[in-house]
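Have a look at the structure below, then the notes.
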Amino acid sequence: MLTSTSPIGPWSSPLNHSLVDTNTPGIAGECKAAFDPGVVIDDKGKGWLTVGGGCARIMRLGKDMISVDGPIKPIRAPHHFEANELNYINGTYVYTYNIDWQDFSDWPLPTEKPTTCCMSYMTSKTPLVTKSWKYQHNYMKNPGDYGFDYSNNHTHLHKFRGKWY
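Numbered by numbering that gives the first Met the number 0, the letters in the sequence shown go through residues 0 to 164 in order.
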């Protein structure tokens, strides 16, 4: 956790340690890593944090934005690898992540299988209710699918001139 009054710094750590890690209850023993955070503030002013590597977790942030307020809950993201990102769009929480490198012969959903190591997204109106998260689709294929070297992806959805990109 780092803070600054300017986007170019200087930066400081108000905690001098990670907010969450692989020893944190709700993450411990279940996630290989607690990294690649995604943060959003919803229309009620509540901060939310997603983390994970090999699994996904979501938590509400405290009013101070440097503490966790309540339980840490799983997001059952199929074939989760990394690159957690969270947005709040028109009353819906949109969670994006990078799918792993497997061949998806065990794809658990009736939807079309995604491509290897692509960006996929899930949506929910109630983010702390694990079963409320619904897989939607992939929205950015792996660079290798476009003729570049295969690698993992990280993305961020952003509203620009009234459109989400």
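All C-beta atoms, glycine included, are put in the ideal place defined by N, C-alpha and C.
Of the candidates Leu-108, Ser-123, Phe-103, the residue whose Cα lies closest to the Cα of Thr-115 is Phe-103.
Secondary structure at Gly-44: coil, using DSSP grouped into helix, strand and coil. For the options Thr-129, Tyr-120, Pro-126, the alpha carbon positioned closest to that of Tyr-138 is the one of Tyr-120. When the five nearest sequence neighbours on each side are left out, the beta carbons in the same chain lying within less than 7 Å of the beta carbon of Leu-14 are those of Met-0, Ile-65, in order along the chain.
A residue is called buried when at least 16 other Cβ atoms come within 10 angstroms of its Cβ; Thr-2 does not meet this threshold and is exposed.
By the beta-carbon neighbour count (other beta carbons within 10 angstroms, threshold 16), Gly-146 is exposed. Apart from sequence neighbours up to five positions away, the residues of its chain that approach Leu-108 with a beta-carbon distance below 6 Å are Tyr-134, ordered along the chain.
Here the alpha carbon of Pro-70 sits roughly 13 Å from the alpha carbon of Ala-27.
Judged by beta-carbon spacing, Asp-35 lies beyond the 9 Å limit of Gly-46, meaning their Cβ atoms are not closer than that value. Between Arg-56 and Trp-132 a beta carbon distance of about 12 Å is seen, past the 8 Å cut, so the two are scored as non-contacting. Around the beta carbon of Tyr-149, fewer than 16 other beta carbons sit within 10 angstroms, so the residue counts as exposed.
Non-local beta-carbon contacts of Asp-68 in its own chain, meaning distances under 7 Å to residues more than five positions away in sequence, involve Arg-59, Leu-60, Gly-61 in chain order.
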